[in-house]
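Numbering (the numbering used here), first residue to last: 12 to 214. This report concerns only the one structure given below.
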């Protein structure tokens, strides 16, 4: 069993995150002990309790995974849907360049809070309607705009919306998806899509 874990770690790409239950049906307590041994040997780096990474190495030392990579790993393990929300969604789409200390995601899985150094990853259980979108970017855009709030929308905000929608048109799904958005966000998206279309015809 020990060799099975070591072989899997050795074969994995740098940057791969391992949880103690990444090696089922091997007992998680046993796997945890082996992962701790690999960590002590310098093969892995501990992220938080029960979570390790095979690190990429830069000239500054091990490169730790992003909060998004950690959240995605947990969601994949739990077979759960995931969406960044609040300041996390704003940063994800470029509305803010400041990486939030506390990353927050909506999940269809189990809610939890994970401390990682001085930062916190929060997974908040949300209702199924939060995941009713067909596109990948539209729900994040809606959550980002909700976080910014209607009275804070500026020309710079609209410029970023333009860039996001131009890069991610989601032509087959966006009309269905905006039905899930508040009216004021729907208006911004429709007007921006029309502007993109007009500008495309002028090119």
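Positions of the beta carbon are idealized from the N, C-alpha and C atoms, including for glycine.
122 is the residue among 174, 122, 131 whose C-alpha sits nearest the C-alpha of residue 138.
Note on geometry: alpha-carbon atoms of residue 42 and residue 34 lie some 7 Å from one another. Residue state for residue 57 is assigned as strand, using DSSP reduced to three classes. Measuring C-alpha to C-alpha distances from residue 28 to each of 54, 36, 38, 14 identifies 54 as the nearest. Contact check for residue 131 and residue 124: beta-carbon distance about 6 Å, within the 8 Å limit, so the pair qualifies. Secondary-structure assignment with DSSP links residue 29 through a beta bridge to 63.
A direct Cα-Cα distance of roughly 40 Å separates residue 63 from residue 169. At a cut-off of 3 residues, the continuous stretches assigned as beta strand (DSSP E) that sit fully inside the segment 100-141 are 113-118, 123-127, 130-136. In this structure, residue 151 lies near residue 95, with their beta-carbon atoms less than 8 Å apart.
For the pair residue 206 and residue 173, the CB atoms are nearer than the 8 Å cut-off. Here residue 72 carries a strand assignment [DSSP, helix/strand/coil].
Residue burial is scored here from C-beta neighbours: residue 68 has fewer than 16 other C-beta atoms within 10 angstroms and is therefore classed as exposed. Within its own chain, the residues whose Cβ lies closer than 8 Å to the Cβ of residue 50, once the five positions on either side in sequence are excluded, are 56, 57, 63, listed in chain order. CA-to-CA, the gap between residue 195 and residue 78 works out to about 30 Å.
In the DSSP assignment, residue 95 is bridged to 116. Around the beta carbon of residue 15, a 10 Å sphere encloses fewer than 16 other beta carbons of the protein chains shown; the residue is thus reported as exposed.
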